[in-house]
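Worksheet: the structure to be examined is printed underneath.
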Amino acid sequence: MTRFSANLGFLWTDRPLPDAIRAAKAAGFAAVECHWPYDFPPEQVKAALLETGLPMLGLNTRRGNVAAGDNGLCALPDRTDEALDAIGEAIEYAEDVGAKAVHVMAGFADGSDAHQTFIQNLYVATNLAANRGITILIEPLNEHDAPGYFLKTLQQARDIIEEVGAPNLKLMFDCYHVGRTEGDVIAQLNYMYPLIGHIQFASVPDRGTPDHGEVDFTEVFRQIDALGWRSPLGAEYKPNGATDGTLGWMQ
């Protein structure tokens, strides 16, 4: 049976994170995940997780200076100190709330220097996370939504994972990003499956609920189940209105 995780970076953003966790429980989600929880003390988040019994699957490293256009730091050659601070902060926060994964955001960069910077920062991240039982995730973002983002394709992510060679470095497979730029989602799932650490979804191309659009998620979810995936799938879609009014797809 397919189970779902509420991505609280997009869902129930009209309320504080602890209350969004409670809303996810009330709506029938099996887990939660978030983007940047750092405005809330980890003890408040952990208390809501314990109250609801929901696990926190993962969270992201900080983007950097959002007002200046940052969308991650970890592939930026001139921002290494900030990147390492963001990695350490995210891993510590994840440990405090019991999250088992940290998405290390690459940022806007290109070229061999950016590649080497990302590799070196991933070495640090995987080493810091390894003895805490935390997986490091990397995620390609499509060029429609994030033009200039360093990590663009599944193959690029695969090459990086193989180069780093850490057992706790995995792929965040977002069906939305894959569907926007890389074609057949099911074929890509089959190809990348051994490297996947988490799966997310939203409709293509509008990033809405998964009950419409170019990708048939009934078939995608069926294939994910057939592959043997048992963790909750991340509902990372943008609600058209109040979140509670957009949950019919779960039925």
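Residues in the sequence shown are numbered from 180 upward in steps of one, following this note's numbering.
Glycine is no exception: its CB is placed at the ideal position from the N, C-alpha and C atoms.
Since the model is a prediction, treat every value here as computed from it, not as a measurement.
Per DSSP, the beta bridge partners of residue 377 are 351.
Setting aside the 5 residues that flank it on each side, residue 379 is surrounded in the same chain by 353, 413 and 415, each with a C-beta closer than 6 Å to its C-beta; the list follows chain order.
Bridge pairing for residue 211: 185 and 235 [DSSP].
The three-state reading of DSSP puts residue 356 in helix, counting H, G and I together. Taking one beta carbon from each stretch, the stretch 193-210 and the stretch 219-229 have 3 or more pairs nearer than 8 Å; the two touch. Residue 272 carries a helical assignment under DSSP once its states are collapsed to helix, strand and coil. Its chain contains 305 as the residues whose beta carbon lies nearer than 6 Å to that of residue 345, once the 5 sequence neighbours on both sides are disregarded; these appear in chain order. Assignment of residue 288 by DSSP, reduced to helix, strand and coil, places it in the coil class. Distance check between residue 303 and each of 242, 343 and 276 places 343 closest, using alpha-carbon atoms only.
Judged by DSSP secondary structure, residue 314 falls within the beta strand (DSSP E) whose first and last residues are 314-317. Taking the CA atoms as reference points, residue 364 sits about 18 Å from residue 411.
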